[in-house]
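Sequential numbering of the sequence shown, starting at 395, is according to this note's numbering. Glycine included, every Cβ here is placed at the ideal spot set by N, Cα and C. As the structure is a computational prediction, the values presented were derived from the model and not from experiment. The block underneath contains the structure these notes are about, expressed in structure tokens.
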Amino acid sequence: MKAPRFLRALPLALLLISPVRADQGSIVVPTSGPKTAAELMTAVNAALLAIQSCNSGTAAPANGPAGAPKAFQCWADTSAAPVVSYKFYDGASWVTFGQLNTSTHVWTPFRSGAAVAAVATSSSASDLTTGTLSAARMPAPTASTLGGVQSLTCSTSNWMRTISTAGAPGCSQPAFSDLTGSVAAAQMPALTGDVTTPAGGVATTIGANKVLDGMLRQGGALSLIGRSADTTGNVADISAVAASSCAFRESSNTIGCGTLATAAYAANSVTNPKLAQMANGATKCRTTAGTGDPEDCTAAQMRALLSLVIGTNVQAWDADLDAFALKSAPTGAVVGTTDTQTLTNKTLTAPAISAPTGIVKGDVGLGNVDNTSDINKPVSTAQAAADALKVNLTRNVATGCGLTGGGDLSADRTLRSIQSINAQTGTSYTLLAADCGKLVTFSNAAAQAVTLDSALGGGYWVEVSSLAAGTVTLTPSSGNIDGAANLTLSQGDGVRIILDGTNWRSVRGRAGGAGGTVSSVFTRTGAITAASGDYSAAQIGATGVFYKINVVKFTTPGTATYTPSAGLVYAAIECLGGGGGGSGAGGGATAGYGGGGGGSGSLSRKVASASAIGASQSVTIGSGGTAGSAGLTAGGAGGDSSVGTLCVGKGGGGGGPYYAGSAPTAALGGVAGTGDVTGNGAPGGAGWYSIGSVAVSISGMGGSSMLGGGGAAITAVNTATAGNAGTGYGAGGGGGAAANATTVAGGAGAPGIAIITEFLNQ
């Protein structure tokens, strides 16, 4: 009764039980003891599977009698997938007869346990594979051909130029033109004569007195051949100019031709007899215009050269002043001397001077003496003119350190203090004299170093203001400032600094500590409470807090530039990488294969200050991974999304196919990127396959992200459906499912995204 029931139930069991994969099974039906229908079906099922799959698996089958392989049993070894090795059991060991690459679909046959290498059968030498052909395989030589291994030699110093068809070498000595390079010293013959060389050497000796004048090179005009420099070296021409003879001289360790310098004559060596003779009463000078030789000059020519003038009626010189000739009284202006004269043992008689008569006030420059008005003082005209010279109207009133309105005294001048501004934007600066009295501002997000030049002199003063986030450090070139080595200003600080000649002093607002009494705030007195509008945008900006939020999104794959909004205090940055694509799938009439889903991109978060972000940042948005094409093709990986180097979200991995002989794999989510908070993306689901009369295939779903859902999984029964794409941002695409002979593609991954939340103070 049991056997008929089993035979009736066997077809139904084979239809209802879908084999999960072609595992190895025993092909021996157990015979001992009674067996239930289920036990018998299990044994028969395993036997059928073993026959169908050629015993595929990663380990050698042991499903014959007594658990040993059966002779000439086949085994598809999948341990090195996608390369599958096909083997036969020869009764002692497994012998590989070929390999199949399931990815490239290439079959490689084996011989003697190794792959068969292709060898071309051709008469062309270019078709032969590389290697060495043994002598035993060389053809034997004949009267018209060469072959085999031969040993042919030529006599010493001969070259083998030809080999005849009979195998006889053609030898001859080489011609000189056949030689290249240098002849070795040992091959050199001996030379005799004026120039000698020993045999086998290259050392050459020139005999004494063998170099004649005609053998020397020609020299230049008016030159000698030698060496002028005070060093050892090659000779050269030592030349003189054409208009002079060559006189040897030595100057600064150099021998040369030319005119002898005066330094060549010893001091006091040119005596009077060596000079040209002169006429009586003459001296040496030059009256001819231009530069030239000295000339004999007369006394008159010397007076003209010295611009000396001797007038008429000149008294002859008398040493004792006792032989002056009597002269009549001079008329007109009297010319005297300002020198002090000394008279010795002489008597001077004072001349009699009569009182002048007929002189009026105008004769002596007193024409204005009687005018007593306030504007015309009773002084002489000469005195008034002299007084006018007491005030120099051309003198100027100079200005500096912020003063304007100076000038000469020809008009009224009004001095004013006008402070100008010197705006600096760099990171370093040294105060100048022209900055005295100015306001020097510094505006840079980075630190700024300011040098105080202590050589500017006492009384120099300047005002300094820090307008940007970077600190401003004032450092004297010498001395100190307020007793310290430097003074640091933060954004919004201002100070006046004064140089006392050695050290710097600052004038600042009251420092922190005990404060004064607050009488009112925003015009309110008494108990003070905050009210709406108390804090302006400027006040909020000064405190570094924010009062407005702005969100910037980047969703288009590719690159872009993020420029912060005005008043940025800090920003929260989120970067999500693109999702991976799902795998394609391909099945058969009795096989169903499901592709794996792609992983989601990883999410990173970063909080960055305005100074860390700077003027701009480069933004990259990762694209979603490409869908695996129709067939057993893996999906592409998603791209990375980033904002500069501050925040990076990594792309998810692509899903892989699942088929007979392969292992199910789940695509990895994007690895942790860069940021204050970061983590891995979600993995994609693995596909599933089956083999049987009812083909069933289930694809893996894509990994979901924080901002998107993964492509949904697909169950296909005797049909084929392409994978679903990831939705939103960063989600992985689902795999395709094929349960018939149709191939389908996977689903594409969703692109990444970057979100920047700005916190603004204006």
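In this structure, Ala-1132 places its C-beta atom within 9 Å of the C-beta atom of Ala-1110. Contact between the stretch 1100-1117 and the stretch 940-960 is absent: fewer than three C-beta pairs spanning the two stretches fall below 8 Å. Under the DSSP assignment, Ile-943 falls in the beta strand (DSSP E) whose first and last residues are 942-948. Counting only unbroken stretches of 3 or more residues, the beta strand (DSSP E) elements lying wholly within the stretch 831-855 are 833-836 and 842-846, in sequence order.
Listed in chain order, the non-local C-beta contacts of Ser-811 below 7 Å within the same chain comprise Gly-796 and Leu-797, local neighbours out to five positions each way being set aside. Per DSSP, Gln-581 lies in no alpha helix (DSSP H) segment and is marked neither H nor E.
Restricting attention to Val-791, Asn-816 and Gln-813, the CA atom closest to the CA of Asp-806 is found in Val-791.
Contact check for Gly-1022 against Gly-1130 passes: the beta carbons are separated by less than 9 Å. The C-beta separation of Gly-1048 from Ala-1024 comes to about 15 Å, leaving the pair out of contact by the 8 Å criterion. By the beta-carbon neighbour count (other beta carbons within 10 angstroms, threshold 16), Leu-610 is exposed. Restricting attention to beta strand (DSSP E) runs no shorter than 3 residues, the stretch 558-629 encloses them at 563-566 and 617-620, ordered along the chain. Annotation for Arg-680: Gly-686, Pro-688 and Glu-689 place their beta carbon closer than 7 Å to its own, counting only its chain and skipping 5 residues before and after. With distances taken between CA atoms, Gly-1075 lies nearest to Gly-992 out of Lys-678, Asp-894 and Gly-992. Selection Gly-561, Lys-481 and Leu-618 evaluated against Cys-468 yields Lys-481 as nearest (Cα-Cα).
No Cβ-Cβ contact shorter than 9 Å links Val-866 with Leu-833. Looking from the CA of Ser-1017, the closest CA among Gly-975, Arg-999, Ile-1085 and Ser-1003 belongs to Gly-975. Contact between Gly-961 and Asn-1155 is confirmed by a C-beta separation of about 5 Å, below the 8 Å threshold. The beta carbons of Gly-1050 and Gly-990 sit closer together than 9 Å. In the structure shown, the three-state DSSP call for Arg-697 is helix. In chain order, Asn-897 place their CB closer than 6 Å to the CB of Asn-874, counting only its own chain and leaving out the 5 sequence neighbours on each side.
From the listed residues Ser-576, Gly-1055, Ala-863 and Thr-502, the smallest Cα separation to Thr-452 is found for Gly-1055. Taking the Cα of Ile-1015 as reference, the smallest distance to any Cα among Thr-1027, Gly-1043, Gly-1069 and Ala-985 is reached at Gly-1043. The DSSP assignment places 997-1003, 1011-1015, 1035-1037 and 1041-1043 as complete runs of the beta strand (DSSP E) inside the stretch 995-1053, in order along the chain (cut-off: 3 residues).
The Cβ atoms of Gly-1117 and Ser-977 sit closer than 9 Å to each other. By the criterion of a C-beta distance shorter than 6 Å, Gly-1141 is surrounded in its chain by Gly-976, Ala-1021, Gly-1105, Gly-1117, Asn-1118, Ala-1119, Gly-1127 and Gly-1128, once the five residues flanking it on both sides are discounted.
For Tyr-480, the enclosing beta strand (DSSP E) stretches over residues 477-483. For Leu-546, no beta strand (DSSP E) segment is defined, and its DSSP state is neither H nor E. One thing to note: Gly-1146 has its Cβ no nearer than 9 Å to the Cβ of Asp-1070.
Its Cα nearest to that of Val-889, the residue Leu-868 stands out among Tyr-1052, Val-945 and Leu-868. Counted as a single uninterrupted DSSP element, the beta strand (DSSP E) harbouring Ser-900 occupies residues 898-901. Around the C-beta of Ile-943, fewer than 16 other C-beta atoms lie within 10 Å, and the residue is accordingly described as exposed. Restricting attention to beta strand (DSSP E) runs no shorter than 3 residues, the stretch 1051-1138 encloses them at 1090-1092 and 1109-1111, ordered along the chain.
For the 9 Å CB-CB criterion, Asn-449 and Val-477 do not form a contact.
In summary, Ile-753 is exposed, with fewer than 16 beta-carbon neighbours lying within 10 Å of its beta-carbon over all protein chains present. Where Ser-473 is concerned, the enclosing beta strand (DSSP E) starts and stops at 468-474. By the CB criterion at 9 Å, Gly-980 and Leu-1026 fall inside the cutoff.
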